[in-house]
Amino acid sequence: MRISPTAILVIVVLAILLFGAKRLPDLARSLGQSMRILKSETKAMRSDGAADESAPAQPAPAVAADPAKTIQAAPGASGTARPVAEQPTGTGTDGGGPR
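Using our numbering, the first residue of the sequence shown is number -1, and each one after it goes up by one.
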């Protein structure tokens, strides 16, 4: 689709009427800055994507089968942290069954 010179002239006249001649340079400047930022961000995303593809995948670190959980004391609280055993799901102190 091709825009005719008449349509461009009408758009320019409408812009001058809507925004005023004093604000048009500021609007154009801010639009240019926004376009520049958008271009730099897309370029950075492309380079990050290319770097991710070229880097070999590293295996995940091994995790212990049953690590002991530690309760951390709140700042300023007396006492020390102590390890606790994790309760299996479905067991609790209320009897453990549906009522």
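Beta carbons: idealized from backbone N, C-alpha and C, even for Gly.
The Cβ-Cβ distance between Ile14 and Leu22 falls below 9 Å. Pairing Val10 with Gly30, the inter-Cα distance amounts to about 17 Å. Pairing Arg0 with Ile6, the inter-Cα distance amounts to about 11 Å.
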